[in-house]
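J.: This structure is in structure tokens; I'll ask about it shortly.
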Amino acid sequence: MLSTEATLRKARNSYYCDWCGEVIPAKSHYMRWQQIDDTWTRTDGYTTGGWSTHRMHPECLEKFLTRGETSFRPQTHERPTKDGESQDKQEG
Ligand SMILES: [Zn+2]
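Numbering follows our numbering, in which position 7 of the sequence shown is assigned residue number 1483; successive positions increment by one, without gaps.
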């Protein structure tokens, strides 16, 4: 799948995260990239396809990349929590 490299951006407006569907508040940082997609309809009713712009919370993109998949069903995933993952192991 063709896609541009994801870059960290500061939101000028509020957006919806493509991964979890939660709001990306204005002035917060998010990951943005563009890719060629099949057509799909967003939760706000807007149908998009072809070259489309994707926006995710940084932790959501990280989750997506961790899965190693190239496609995903938009706005149907849980937003990863930054808390709850306490890895305090010390390496000797
Ligand atoms: Zn998200």
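Note that CB positions come from ideal geometry on N, CA and C, so glycine has one too. Predicted model only: the values in this text are computed from it and were never measured.
Tell whether a beta-carbon distance below 7 Å holds between Pro-1501 and Glu-1535.
T.: As a position in the sequence shown, residue 1501 is number 25, starting the count at 1. As a position in the sequence shown, residue 1535 is number 59, starting the count at 1. Taking 7 Å as the Cβ cut-off, Pro-1501 and Glu-1535 do not qualify as a contacting pair.
J.: Thr-1437 lies in the beta strand (DSSP E); which residues open and close that run?
T.: Within the shown structure, residues of the chain are numbered from 1477 to 1568, placing residue 1437 beyond reach of any answer.
J.: Tell me whether Trp-1509, by its Cβ, gets closer than 6 Å to a heavy atom of ligand 1.
T.: The residue labelled residue 1509 in the question sits at position 33 within the sequence shown. Every heavy atom of ligand 1 is 6 Å or more from the Cβ of Trp-1509, so no.
J.: How would you call Asp-1494, buried or exposed, if buried means at least 16 neighbouring beta carbons within 10 angstroms?
T.: As a working mapping, residue 1494 is identified with position 18 in the sequence shown. By the 10 Å Cβ count, Asp-1494 comes out buried.
J.: Quick one: residues with CB closer than 5 Å to any heavy atom of ligand 1, in chain order, please.
T.: Listed by chain position, these are Cys-1493, Trp-1495, Cys-1496, His-1533, Cys-1536 and Arg-1555.
J.: Which value, in whole angstroms, describes the spacing of the CA atoms of His-1533 and Trp-1516?
T.: Here the question's residue 1533 lines up with position 57 in the sequence shown. Here the question's residue 1516 lines up with position 40 in the sequence shown. Between His-1533 and Trp-1516, the C-alpha separation is close to 20 Å.
J.: Any idea if Tyr-1506 is buried or exposed, counting beta-carbon neighbours within 10 angstroms, 16 or more meaning buried?
T.: Translated into positions along the sequence shown, residue 1506 becomes position 30. It counts as buried.
J.: Inspect the beta-carbon positions of Asp-1485 and Arg-1508 and report whether they are closer than 7 Å.
T.: Position 9 of the sequence shown holds residue 1485. Position 32 of the sequence shown holds residue 1508. Looking at the sequence provided, one finds Arg at residue 1485 rather than Asp. Yes. Within cutoff.
J.: Within a Cβ cutoff of 8 Å, which residues of the same chain sit near Pro-1550, ignoring the five residues on either side of it in sequence?
T.: For the purposes of this step, residue 1550 is taken as residue 74 along the sequence shown, with counting starting at 1. The residues are Asp-1494, Trp-1495, Gly-1497, Trp-1516 and Arg-1518.
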